[in-house]
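Down below is the structure, laid out as structure tokens.
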Amino acid sequence: MFNKFKRNIKVIHVFHKYRIFSIIFNESKRRYDTVDLCTCSIDHQRRDNAIRLRMAFEELGPTFTKLGQAMSKRTDLVPVEYGRELEKLQESVQAYDFEKMQESFNLVCNISSKETGTYSDITSLFDEFNTEPIASASIAQVYEAVLDGKDVVIKIPRPGMEDIIKLDLDILYDVKFFVRKILRIKIYIDIDGFLDEFKYMLIRELDYRNEALNMERFRDNFNNTKDVHIPKVCWELSND
34 MFNKFKRNIK
44 VIHVFHKYRI
54 FSIIFNESKR
64 RYDTVDLCTC
74 SIDHQRRDNA
84 IRLRMAFEEL
94 GPTFTKLGQA
104 MSKRTDLVPV
114 EYGRELEKLQ
124 ESVQAYDFEK
134 MQESFNLVCN
144 ISSKETGTYS
154 DITSLFDEFN
164 TEPIASASIA
174 QVYEAVLDGK
184 DVVIKIPRPG
194 MEDIIKLDLD
204 ILYDVKFFVR
214 KILRIKIYID
224 IDGFLDEFKY
234 MLIRELDYRN
244 EALNMERFRD
254 NFNNTKDVHI
264 PKVCWELSND
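Numbering-wise, this note's numbering comes out as the position in the sequence shown, counting from 1, plus 33.
See the structure below:
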């Protein structure tokens, strides 16, 4: 289990490491500066600031990665330099070791050895299993396998991600003043509404059962369409 105090310390440490507090100060100060600054100097500083913000979000994990992704689409809220840099968060993130992902799979699917209490080998459940992920996102990784002679794809949540995300969402509400400063959100914009929408979107992404049900619904809807193929959900190896 993750402790909120420890997670707060981690966030502060990463923000200090990448000098995020100086970004907040500089962006706030720039609004009230009366001295004309060289545009090229401002652009260079913002590009450097944007890189540091992107690196901090990457290090802090899925919640902040998703926040950065949301920010990159809101050029009405963030400077162009930030939007361009945070777009890179849309790309694949570094993959977790397979051993960690196997433990996560066993936990969510309640697969373990009753005799020893140790985890079973995920690969033994399939005819073939490729331990190199074909996709790696901020909250899950995707693998190829063969089950009963058929090609299948397995989506496994990253270990501990749900606990971290719930803590981070609480922390974002606690530090919404800083969220407003980073996003450069004007006073009259409802920051709580922005965070509520972000929270709803993120919690929905954690609901794999809803994702599977939607896949089944699409499969039924396009069942008679020759050019469209929707994968079938393997419910016996699926969980929330």
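Ideal placement from N, C-alpha and C gives every residue a C-beta, glycine not left out.
Keep in mind that this is a model prediction, so the values were computed, not measured.
- Query: With a cut-off of 8 Å, do at least 3 Cβ pairs link the segment 228-241 to the segment 184-200?
  - Reply: yes
- Query: Taking the alpha helix (DSSP H) that Leu205 falls in, what are its first and last residues?
  - Reply: Working through the sequence shown from its first residue, we reach residue 205 at position 172. Met194 to Asp207 is the span of the alpha helix (DSSP H), which, as asked, contains Leu205.
- Message: Looking at the strands, I want to know which residues DSSP matches up with Tyr176.
- Response: Against the sequence shown, residue 176 aligns to sequence position 143. Answer is Ile187, bridged to Tyr176.
- Take every Cβ of the segment 79-88, pair it with every Cβ of the segment 171-183, and state whether three or more of those distances are shorter than 8 Å. no
- Query: Is there contact between the segment 200-209 and the segment 131-139, where contact requires at least three CB pairs shorter than 8 Å?
  - Reply: no
- Item | Assigned secondary structure, Ser30 (DSSP; H/G/I helix, E/B strand, else coil) | No information on residue 30 is available, as it lies outside the stretch 34 to 273 that the chain covers here.
- Query: Among Gly94, Arg52, Asp184 and Phe48, which one has its Cα closest to the Cα of Lys199?
  - Reply: Within the sequence shown, the letter at position 166 stands for residue 199. Nearest option by C-alpha distance: Gly94.
- Query: Who are the Cβ neighbours of Gly101 in its own chain at under 6 Å, not counting the five residues just before and after it?
  - Reply: The residue you call residue 101 lines up with position 68 of the sequence shown. For Gly101, where only same-chain residues beyond five positions count, the Cβ hits under 6 Å are Phe90, Leu119 and Leu122.
- Task: Taking 8 Å as the cut-off, decide whether the C-beta atoms of Leu40 and Ile204 are in contact.
- Result: For this step, residue 40 is matched to residue 7 along the sequence shown. For this step, residue 204 is matched to residue 171 along the sequence shown. A quick correction: the sequence has Arg, not Leu, at residue 40. Yes; because the gap between Cβ atoms is below 8 Å, this pair is in contact.
- CA-to-CA distance, Glu269 to Val141, given in whole angstroms: Walking along the sequence shown from the start, residue 141 turns up at place 108. Walking along the sequence shown from the start, residue 269 turns up at place 236. If I take the Cα positions, the gap works out to 13 Å.
- Item | From Cys267, Ile224 and Val113, residue whose alpha carbon lies closest to that of Ser187 | Position 154 of the sequence shown holds residue 187. Residue 187 is actually Ile in this sequence, not Ser. Checked all of Cys267, Ile224 and Val113; the closest Cα to Ile187 is Cys267.
- Would you report the Cα separation of His262 and Ser271, rounded to the nearest angstrom? If you number the sequence shown from 1, residue 262 lands on position 229. If you number the sequence shown from 1, residue 271 lands on position 238. Their Cα atoms are separated by approximately 20 Å.
- Message: Output needed for Asp66: all residues of its chain with C-beta closer than 6 Å, excluding positions within five of it in sequence on either side, in chain order.
- Response: Here residue 66 is taken as the residue at index 33 of the sequence shown, counted from 1. Unreliable placement is indicated for Asp66, whose pLDDT of 47 sits below 50; the coordinate value is still reported in the next sentence. Excluding sequence neighbours, Asp66 sits near nothing in its chain.
- Cut-off 7 Å between Cβ atoms - residues of its own chain near Phe255, not counting five sequence neighbours on either side: Numbered from its first residue, the sequence shown carries residue 255 at position 222. Closer than 7 Å at Cβ, skipping near neighbours: Val261 and Ile263.
- Cut-off 7 Å between Cβ atoms - residues of its own chain near Leu246, not counting five sequence neighbours on either side: As a position in the sequence shown, residue 246 is number 213, starting the count at 1. So no residue of the chain qualifies.
- Task: With DSSP as the reference, label Thr67 as helix, strand or coil.
- Result: The residue you call residue 67 lines up with position 34 of the sequence shown. Confidence is the limiting factor: at Thr67 the pLDDT is only 46, short of 50, which leaves the residue's position unreliable, though a coordinate-based value still follows. Residue state, collapsed to three classes: coil.
- Select from Phe159, Ala168, His46 and Glu165 the residue whose C-alpha is nearest the C-alpha of Val185. Counting from one through the sequence shown, the residue named residue 185 turns up at place 152. The residue with the shortest Cα to Cα distance from Val185 is Phe159.
- Where Asp201 falls, given that 16 or more other Cβ within 10 Å makes a residue buried: Residue mapping note: residue 201 aligns to position 168 of the sequence shown, counting from 1. Buried, by the Cβ-count rule.
- Nearest-angstrom Cβ-Cβ length linking Ser169 and Val126, presumed shorter than 8 Å: Residue mapping note: residue 169 aligns to position 136 of the sequence shown, counting from 1. Residue mapping note: residue 126 aligns to position 93 of the sequence shown, counting from 1. Their Cβ separation, rounded to whole angstroms, is 6 Å, which keeps Ser169 and Val126 in contact under 8 Å.
- Item | Cβ separation of Leu86 and Ile42, assumed to be a contact under 8 Å, to the nearest whole Å | Stepping through the sequence shown from its first residue, residue 86 is reached at position 53. Stepping through the sequence shown from its first residue, residue 42 is reached at position 9. 20 Å between Cβ atoms; not a contact.
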